[in-house]
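>
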RNA sequence: GGCCCUCUGGCGAAAUGGUAAACGCGCUCGACUCAAAAUCGAGUGGGGUAACCCCCCGUCCCGGUUCGAGUCCGGGGAGGGCCACCA
């Protein structure tokens with residue numbers, strides 16, 4: 001059958017998608033002898049329709065997965081849906097639909113769009129986190145972690161989102177201009193004291209921090225953000241006895257070297273000692289202040305713009321180093337949950353302390369002098385705190401020591417005398433995961449009057465979400481209003497009891513889903529550890545950088561717990577992370593209904609075909625950069641694929657060329673062969689190194705340009721063209737897989753009818769053809785380009801120099817000057833340095 | 001305030017310390033056509049110049065290292081991201 005002259009993706013793409021499906025081409029695990037590669041893209045959250053951002057991530061991952069298969073690896077490339085959670089519930093409420101139905105609908109449309117883009121997913125492993133078969137294992141992990149003391153109930157200060165009507169994690173609070181809002185719905189966030197469940201992620205703070213050192217193939221941006229978020233800070237705790245009472249105030253400081261400059265001590269309003277130390281004559285004022293702080297929004301109270309406020313308690317604390325008696329204050333800027341909730345104030349060397357001292361007329365004492373430059377003025381003449389390390393002054397027996405040395409000696413002395421010690425504090429907080437909402441994993445706990453909080457026995461899992469809940473998005477947990485759900489019996493005493501009505505944060509679902517893909521239908525265990533042995537850790541994980549601290553931290557935490565449970569082989573879940581940039585609208589702004597600049601993938605695929613969309617995503621820029629959608633560039637990529645198509649059509653006569661003639665190639669035939677093999681190298685390099693797929697595609701374009709430039713005559717040229725066409729189709733396979741299959745079959749003819757290009761080995765280049773035999777060498781005089789010479793690649797310095805000196809132009813520049821030095825870079829450059 | 005990233009033609013972007021701008025978009029011109037579209041081909045950083053001979057300038061700015069810097073080092077600017085009264 002003669003080849004269609006026109007490139008019509010609509011007629012060829014579905015055909016190949018069906019063939020890959022029928023052949024189970026992308027099913028993982030059917031190359032048992034081969035090395036494995038696990039390529040994963042972050043699974044989508046189907047609260048709406050698929051957008052261009054999704055098309056980009058999956059295209060990047062897909063190109064990689066397809067290429068690795070062609071390299072001979074046994075590739076696992078699964079997909080699923082992150083279906084539970086607030087946004088889905090909120091969207092469903094808005095549409096007057098049940099979240100389960102809404103989610104199901106969205107998933108159907110996602111699946112169809114993903115298939116139409118030709119992604120090489122192993123669909124047999126698909127998971128949906130809203131299925132009880134999935135979330136029962138969330139419950140299972142919860143119970144395992146409860147056993148190990150990694151889950152606990154706390155009376156916590158929680159971030160209460162006024163829009164979502166639920167508690168959200170620290171990581172989910174946004175702050176802008178001193179106002180805290182919800183990351184999801186942008187409603188104001190208040191601080192609320194309520195009981196909640198939390199994971200003891202802080203127990204892993206050190207391990208999670210150290211683990212980052214192993215993650216050399218993660219973007220530094222991400223590891224840095226995690227490092228900051230975990231926030232290790234080294235310092236010391238020091239006890240300040242309260243005069244006239246047995247109490248001691250424990251403070252945390254990173255600047256123990258400044259303790260001789262401490263002029264007062266400040267407690268957080270919530271500090272447990274506040275009531276005990278406050279003198280009777282200050283009680284009323286202190287109580288009023290504490291009450292007011294309790295009622296104020298967190299951001300308003302502790303935001304940076306907030307004025308520093310405090311009250312004196314009347315108490316005095318004793319500086320254990322100096323014996324001085326210092327006033328004890330309470331202030332809004334001291335946080336109960338960081339350090340010990342109490343600070344020693346050194347106004348001369350801490351800006352906050354300085355401002356507070358100036359406001360309330362507290363003394364300022366300078367104890368650190370700079371190493372270089374003039375001395376720091378005395379406290380009363382200071383304009384601002386000097387916060388750098390320096391040399392100690394006015395600090396008893398520590399005078400003259402550099403700050404770092406002073407800190408070491410002072411903490412050793414404090415320890416020896418029993419009033420302090422070196423400690424490490426973390427910014428990372430435990431992960432509060434209770435949600436007072438419906439669309440989440442029920443927390444498998446039963447409250448019994450007799451036995452308290454009783455874990456649901458493992459054999460009674462899953463605790464299923466009831467279908468009939470009334471979901472209003474307000475008030476108490478929706479599950480509390482479903483008697484059939486709430487009312488149960490105690491697993492210990494069988495008397496009537498109530499179920500926990502809170503559900504789990506969605507981040508629980510995504511913390512371990514990558515492991516569920518290994519045995520997605522397993523009903524005995526979350527996944528098969530034997531398969532984990534084979535497939536984990538993930539080799540390449542592709543997703544947005546917005547997950548740098550939340551998902552990617554929980555995911556590392558969970559993997560560590562699974563590692564300790566003996567379920568996974570490594571402490572870290574993923575070797576290499578690729579963070580892809582955003583797809584902006586054509587106007588360069590974030591795609592949004594508000595700007596009317598949203599371009600949906602569906603219609604574009606319909607119009608140009610999946611291959612054009614994929615090529616655009618890969619050619620526009622390297623993966624990590626943001627790109628702007630560009631109709632002109634998309635046209636351009638469609639034009640390129642059409643141009644590829646036409647050159648196959650125009651060179652049909654070469655399809656039957658005799659391969660044996662390749663060995664006689666010379667002149668243009670040889671040149672084309674060189675280009676072909678260099679293209680193979682270039683595309684392979686682009687995939688291997690930094691995923692620079694854009695330059696790989698550029699190389700393919702150059703090959704096509706060269707093919708157009710050669711009108712083949714004779715057996716050798718025809719054979720060279722055939723070789724180039726086969727290479728072109730094969731190299732195109734990871735990027736534009738449908739057109740590639742079609743063209744490859746055209747050129748290979750009936751002999752290959754039963755084969756799939758997706759199964760073919762990735763081509764190798766012939767080193768002899770990649771190395772050039774003649775090269776152009778730039779000739780410089782004093783580093784400025786003055787000409788160029790053609791020479792054999794292996795030409796030596798003397799030979800090239802002779803050629804260069806023979807150039808008229810170069811002669812002019814060298815005339816009458818002494819050549820002081822000659823720099824020769826073989827195959828590249830010759831530089832004459834003249835004086 | 002802290003930490004991090006980015007800055008190259010009209011635009012998206014290339015460039016192991018070695019000919020800056022590959023490749024694509026856009027634009028101009030030519031071929032094909034009655035004409036247009038599509039396609040194929042040529043050209044396209046700025047300035048000087050009769051000249052597509054040649055010369056000068058050119059990768060945010062200033063300085064340094066080097067025979068040679070978009071690339072390395074120091075300082076500054078602009079834009080962006082994350083964190084932030086964290087003691």
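Numbering (the working numbering), first residue to last: 1 to 835. Glycine included, every Cβ here is placed at the ideal spot set by N, Cα and C. Given the structure is predicted, the values throughout are model-derived calculations rather than measurements.
Put residue 819 into one of helix, strand or coil per three-state DSSP.
Note: residue 819 maps to strand in three-state DSSP.
> Using 10 angstroms around the beta-carbon of residue 339, count the other beta-carbons present and answer buried if the total reaches 16, otherwise exposed.
With 16 or more Cβ atoms within 10 Å of its Cβ, residue 339 is classed as buried.
> Helix, strand or coil for residue 204 per DSSP?
In the structure shown, residue 204 sits in a helix (DSSP, three-state: H, G or I).
> What does residue 438 pair with, by DSSP beta-bridge criteria?
Answer is none; residue 438 lacks a bridge partner.
> What are the start and end residues of each continuous alpha helix (DSSP H) run of 4 or more residues lying completely inside the stretch 555-617, in chain order?
Runs of the alpha helix (DSSP H) inside the stretch 555-617: 601-608.
> Less than 7 Å between the C-beta atoms of residue 378 and residue 366, yes or no?
A contact, by the Cβ cut-off of 7 Å.
> Less than 7 Å between the beta carbons of residue 293 and residue 272, yes or no?
Contact flag unset, no.
> Taking the DSSP output, what are the residues bridged to residue 241?
Beta-bridge pairing links residue 241 to 248.
> By a C-beta neighbour count over all protein chains shown, 10 Å radius and 16 as the cutoff for buried, is residue 499 buried or exposed?
Flag for residue 499 reads buried.
> Taking just the CA atoms, how far does residue 251 sit from residue 323?
C-alpha separation (whole angstroms): 16 Å.
> Please report the straight-line C-alpha distance between residue 657 and residue 752, rounded to a whole angstrom.
Their backbone Cα atoms lie some 16 Å apart in a straight line.
> Would you say residue 278 and residue 224 are within 7 Å of each other, going by their C-beta atoms?
Not a contact, by the Cβ cut-off of 7 Å.
> Which residues mark the beginning and the end of the alpha helix (DSSP H) in which residue 694 is found?
From DSSP, the alpha helix (DSSP H) with residue 694 extends over 693-709.
> Would the beta-carbon of residue 744 fall within 7 Å of that of residue 729?
Yes, the Cβ-Cβ distance between residue 744 and residue 729 is below 7 Å.
> Apart from the five residues on each side of it in sequence, which residues of its chain come closer than 8 Å, Cβ to Cβ, to residue 348?
Closer than 8 Å at the Cβ level, and outside the excluded window around residue 348, lie 258, 261, 354, 364, 365, 366, 367, 368, 376, 379, 382, 385, 386.
> So what does DSSP say about residue 679, is it helix, strand or coil?
Residue state, collapsed to three classes: helix.
> Would you tell me roughly how many angstroms separate the C-alpha atoms of residue 832 and residue 53, rounded to the nearest one?
In a straight line, the C-alpha of residue 832 is about 52 Å away from that of residue 53.
> Does residue 804 pass the burial test, meaning 16 or more other C-beta atoms within 10 Å, or should it be called exposed?
Answer is buried; the Cβ neighbour count reaches 16.
> Excluding five sequence neighbours on each side, which residues of the same chain lie with their C-beta closer than 7 Å to the C-beta of residue 144?
Closer than 7 Å at the Cβ level, and outside the excluded window around residue 144, lie 565.
> What number of angstroms, rounded off, separates the C-alpha of residue 447 from the C-alpha of residue 495?
For residue 447 and residue 495, the distance between alpha carbons rounds to 11 Å.
> Would you decide whether residue 372 is buried or exposed? Buried here means 16 or more other CB atoms lie within 10 Å of its CB.
Under this definition residue 372 is an exposed residue.
> Using a 10 Å radius around the Cβ and a threshold of 16 neighbouring Cβ atoms, would you call residue 666 buried or exposed?
Under this definition residue 666 is an exposed residue.
> Sorted by chain position, which residues of the same chain lie with C-beta nearer than 8 Å to residue 801's C-beta, five sequence neighbours on each side aside?
Contacts found: 822, 824, 830.
> Note down, one range per segment and in chain order, each alpha helix (DSSP H) of at least 4 residues found wholly within the stretch 479-530.
DSSP runs (the alpha helix (DSSP H)) wholly in the stretch 479-530: 483-486, 506-516.
> Which value, in whole angstroms, describes the spacing of the CA atoms of residue 439 and residue 319?
Their backbone Cα atoms lie some 53 Å apart in a straight line.
> If you drop the 5 nearest sequence neighbours on each side, which residues of the same chain put their C-beta closer than 7 Å to that of residue 444?
These residues qualify, in order along the chain: 139, 142, 143, 455, 456, 461, 463.
> Do the stretch 483-494 and the stretch 61-69 touch if we need at least three Cβ pairs shorter than 8 Å?
Judged by Cβ distances under 8 Å, the stretch 483-494 makes no contact with the stretch 61-69, as fewer than three pairs qualify.
> Between the alpha carbons of residue 710 and residue 533, how many angstroms are there, rounded?
Using only the alpha carbons, I get a separation of about 52 Å.
> Considering only residues of the same chain and omitting the five flanking positions on each side of residue 71, which have a CB-CB separation below 6 Å?
Only 762 meet the Cβ criterion.
> Using only the heavy atoms of the ligand MG, determine whether one of them is closer than 6 Å to the beta carbon of residue 399.
Among the components of this structure there are no ligands whatsoever, and the ligand MG is therefore not found.
> What residues in its chain sit with their C-beta under 6 Å from that of residue 651, if we drop five residues either side in the sequence?
Contacts found: 721.
> How about residue 334 and residue 346: are their beta carbons less than 7 Å apart?
Their beta carbons are not under 7 Å apart, which means residue 334 does not touch residue 346 by this criterion.
> Pairing CB atoms from the stretch 24-34 with CB atoms from the stretch 584-595, are three or more of them under 8 Å?
Not touching, per the Cβ criterion.
> For the stretch 602-617 against the stretch 626-639, do three or more pairs of beta-carbon atoms, one drawn from each stretch, fall closer than 8 Å, so that the two count as touching?
Yes, since at least three Cβ pairs between the stretch 602-617 and the stretch 626-639 fall closer than 8 Å, the two stretches touch.
> Between the Cα of residue 266 and those of 208, 311, 206, spot the shortest distance and give me the residue it belongs to.
Measuring from the Cα of residue 266, the nearest candidate turns out to be 311.
> Once the 5 residues before and after residue 205 are set aside, which same chain residues still bring their CB inside 6 Å of it?
So the list reads 230, 426, 428, once near-sequence residues are dropped.
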